[in-house]
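Since the structure comes first, as structure tokens, the remarks are kept for the end.
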Ligand SMILES: Cc1ncc(COP(=O)(O)O)c(C=O)c1O
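Numbering (my numbering), first residue to last: 841 to 1246.
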């Protein structure tokens, strides 16, 4: 069976002790949906909500002003960004992505170069730009083994001189890891702005924004990072800040209204934020970034990906299951078609047995799903705090579901 990297048993015990659902009868394999928050994250949120109730929302925020600053430091540290000034905190990855996209304001004839596997909501934003602004959306070719072909990116980039290249690092719908560093090198060589959707990557695998050479990277709190729902962030490079990139709709967080027809833009990435915040969730996000760095993202990545490989290999042994993952590099997201069953129904049956997974339908990734000829897919996404025994129990439950009653 698959080689799982040796994990210090005491470490694993500590991670699981911080995760109340672990070992309490629930097997959580839906970390690509929303991972389980560790206790310190929950406690930070709970504590701040308590202060809001007792003190008042604005007063409680004033009390933790220094700690709010540290949330930016933690997120910047997690992404290996130059500093807190590169980070904007927002509600989710979609908002972060939209804010970045809006900075480019492409018009008729301008090209956005992307991939066939970019996230559904991002594809919808591109289509909306095409419809309303006459922008041309160009998708680079994939390699035969799956994943975008960097040579196709280079060719299309030279042909079209796009206003922007946008790539989803880890698509929601398959185990694929896109070659974002290579694409970044090409964009840098050709001097074209580069936006990365890092939503499924942050917390799952090490992120070094400067190695990616991206101008923007959008992320979310609740997935592999183990933060609360309703949190997201946007990394904005020093180059993008210096170029004056700003969202289409600024608000009073991003700029000061200094004269009737005049505003002054913030110097840092917070120009991409909204004024209002769920401060309790922000406290949780900071704690999640701190916790992830404490575990070690490289350690988490190595273990989660090995657990996923164990899932993939077991699935391949079950009759009536087709593993759908493609790509030269695969991650801790595993997708499979269950013959004769809608994935949503399988998710419900497994959940009734205390096993959390999720389902992908065609509209989540229409190009990919049509190419694979799959209508729905079961998604199993382990994390470092899962155990081999949990994987085996979940797969045994799935196998008996597929086989049906004896
Ligand atoms: C690859 C990818 N990008 C973006 C998103 C959107 O993230 P959010 O729901 O935080 O806006 C998701 C959510 O599943 C995703 O998988």
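Quick reminder that beta carbons are idealized off the backbone N, C-alpha and C, glycines included.
Quick caveat: nothing in here was measured; it's all calculated off a predicted structure.
Taking residue 1239 as the centre and dropping the five residues before and after it, the same chain places the C-beta of 1158 closer than 6 Å to its C-beta, in chain order. Taking C-alpha positions only, residue 879 is separated from residue 888 by approximately 14 Å.
By the CB criterion at 8 Å, residue 1148 and residue 1172 fall inside the cutoff.
In the DSSP assignment, residue 1055 falls outside any beta strand (DSSP E) and carries neither an H nor an E. In this structure, 1225 is the residue among 1225, 1024, 1241, 923 with its C-alpha nearest to the C-alpha of residue 869. Annotated three-state conformation of residue 1224 is coil, per DSSP. Of the other Cβ atoms in all chains shown, fewer than 16 fall within 10 Å of the Cβ of residue 991; this residue is therefore exposed. For residue 954, the Cβ stays outside the 7 Å cut-off from all heavy atoms of ligand 1.
Contact between residue 1200 and residue 1181 is absent: CB atoms are separated by about 14 Å, not below the 8 Å threshold. In the DSSP assignment, residue 855 falls within the alpha helix (DSSP H) that extends over 849-857. Membership of residue 996 in the alpha helix (DSSP H) is indicated by the continuous run 990-1000.
For residue 1231, same chain residues with a beta-carbon under 7 Å away, outside a window of 5 residues either side, are 1147, 1150, 1151, 1222 in chain order. Here the distance from the Cβ of residue 1040 to the nearest heavy atom of ligand 1 is below 7 Å. Taken through DSSP and simplified to helix, strand or coil, residue 1103 comes out as strand. Take residue 1010, set aside five residues on each side of it, and the residues of its chain with a beta-carbon closer than 6 Å to its own are 1017, 1040, 1041, 1171, in chain order. Within the chosen limit of 7 Å, ligand 1 does not reach the beta carbon of residue 898 with any heavy atom. DSSP, reduced to helix, strand and coil, places residue 1242 within a helical segment of the structure shown.
Closest by C-alpha distance to residue 1165, out of 901, 986, 1233, is 986.
Under the 10 Å beta carbon count, residue 1123 is surrounded by 16 or more other beta carbons and is classified as buried. Residue 1037: member of the beta strand (DSSP E) spanning 1034-1037, first to last residue. Residue 1110 places its beta carbon 8 Å or farther from that of residue 1095. Assigned with DSSP and collapsed to three states, residue 1219 falls in strand. In the DSSP assignment, residue 979 falls outside any alpha helix (DSSP H) and lies within the beta strand (DSSP E) extending over 976-979. Going by DSSP, residue 1201 is part of the beta strand (DSSP E) stretching over 1198-1201. Here the C-alpha atom of residue 1142 lies approximately 7 Å from the C-alpha atom of residue 845. CA-to-CA, the gap between residue 1197 and residue 1034 works out to about 32 Å. If only uninterrupted alpha helix (DSSP H) runs of at least 4 residues are considered, those enclosed by the segment 917-992 are 933-942, 960-973.
In the displayed model, residue 1142 falls within a helix according to three-state DSSP. Between the alpha carbons of residue 1060 and residue 1245 lies a distance of about 41 Å. The C-beta distance from residue 1126 to residue 910 rounds to 6 Å, short enough to meet the 8 Å contact threshold. For residue 1162, the enclosing beta strand (DSSP E) has its first and last residue at 1161-1163.
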